[in-house]
Amino acid sequence: MNSKAMIIKELRKVIEFYGELGFEYLPLKREDIYGLISEKTAITGRDSVCSNQNRAGDEDNYISDKEDALKNLRKEIGDCHRCKLSENRKNIVFGEGNPDAELMFIGEGPGRDEDIQARPFVGNAGKLLAKMILKMGFKQEDVYIANIVKCRPPFNREPGEDEITTCLPYVEKQIEIINPKVIVSLGKIAAQSLLRSKVPISKLRGSFHDFQNIPVMPTFHPAYLLRNPKEKWLTWDDMQKVLEKLKKR
Ligand code: SF4
2 MNSKAMIIKE
12 LRKVIEFYGE
22 LGFEYLPLKR
32 EDIYGLISEK
42 TAITGRDSVC
52 SNQNRAGDED
62 NYISDKEDAL
72 KNLRKEIGDC
82 HRCKLSENRK
92 NIVFGEGNPD
102 AELMFIGEGP
112 GRDEDIQARP
122 FVGNAGKLLA
132 KMILKMGFKQ
142 EDVYIANIVK
152 CRPPFNREPG
162 EDEITTCLPY
172 VEKQIEIINP
182 KVIVSLGKIA
192 AQSLLRSKVP
202 ISKLRGSFHD
212 FQNIPVMPTF
222 HPAYLLRNPK
232 EKWLTWDDMQ
242 KVLEKLKKR
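If you're matching positions, the sequence shown starts at 2 in our numbering and goes up one per residue.
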């Protein structure tokens, strides 16, 4: 195959790769294309970062300790009525994933589908997040996903400050148990609540912040990205920084 045909073949793979991520166009300069070809090979060729498989020794006990701690926390939450979000919810959405995850995603709160299924990020926004996780080189079961509030705010409104303050200790406890290497917060509420900040998400995203010595990368919420697909590039940039950080820690 001549070099032109090779480039076209690789370019097709790049376009398919970004198409799967949901990008609708490639706003790139010619020189960027060559960078993307090698970047795509690097991303799709990397090993899964599943920490379970890589840690040795008494790892099983270590993980089951974390599993037990999470189960105990779930028991402690019980049929929680500590804030008024309990009034309309169908289910408490505790969170799910690998108790020993290196990477933790934290969103705002459950939506309609999540409330029905008692699982985080299962609607359309969840499908986009799942694609992102996969393209980062993880399996869905490698990471842990939770929300700032565990009950669905009615009509998908933002949770109120009182509701966030009441529920926040639960997700903070989950972070303490899981002790991930990096946290990705999804959307304004998740970032501002974790970081105790009022800075807009557009300014918080793109650089790391600190939550109890764990680096936090705020990025846009997948639901926002579904409404504003052009911003997916920024979130993908943020995820590249997360992958770099994970390599170093
Ligand atoms: S949102 Fe949190 S604090 Fe409020 S009722 Fe649900 S679990 Fe309890």
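Heads up, the beta-carbon is just placed ideally off N, CA and C, and yes, glycines get one too.
Original post:
Within the present structure, is the beta-carbon of Ser87 separated from the nearest heavy atom of the ligand SF4 by less than 7 Å?
Top reply: Yes, Cβ of Ser87 sits closer than 7 Å to a heavy atom of the ligand SF4.
Original post:
Quick one: does the C-beta of Tyr171 sit closer than 7 Å to a heavy atom of the ligand SF4?
Top reply: At least one heavy atom of the ligand SF4 sits closer than 7 Å to the Cβ of Tyr171.
Original post:
CA-CA distance, Asn214 and Ser208?
Top reply: Their backbone Cα atoms lie some 15 Å apart in a straight line.
Original post:
Ser203 lies in the alpha helix (DSSP H); which residues open and close that run?
Top reply: Residues 202-205.
Original post:
Opposite Tyr145 in the DSSP bridges: which residues?
Top reply: DSSP, once it has assigned bridges, lists Gly98, Met105 as partnering Tyr145.
Original post:
Do Glu109 and Pro170 have their CB atoms nearer than 8 Å?
Top reply: Contact: no.
Original post:
What's the gap between the Cα of Val144 and the Cα of Pro121?
Top reply: Roughly 12 Å between the two C-alpha positions.
Original post:
Looking at Leu235 and Pro219, is the spacing between their C-beta atoms short of 8 Å?
Top reply: No.
Subject >> Endpoints, the alpha helix (DSSP H) within which Ile176 is located >> reply: Counting along the chain, the alpha helix (DSSP H) containing Ile176 begins and ends at 162-179.
**OP:** Taking Pro223 as part of the alpha helix (DSSP H), name the residues at either end of that continuous run.
**Re:** Boundaries of the alpha helix (DSSP H) around Pro223: 223-228.
**OP:** Pick helix, strand or coil for Asp211, following the three-state DSSP scheme.
**Re:** Here Asp211 sits in strand by DSSP.
**OP:** Check whether the segment 150-160 touches the segment 101-116, taking contact to mean three or more Cβ pairs, one atom from each stretch, closer than 8 Å.
**Re:** Two segments are said to touch when three or more pairs of C-beta atoms, one from each, lie closer than 8 Å; by this definition the segment 150-160 touches the segment 101-116.
Original post:
What is the residue span of the alpha helix (DSSP H) that Val243 lies within?
Top reply: It spans 233-249 - the alpha helix (DSSP H) in which Val243 sits, taken as one unbroken run.
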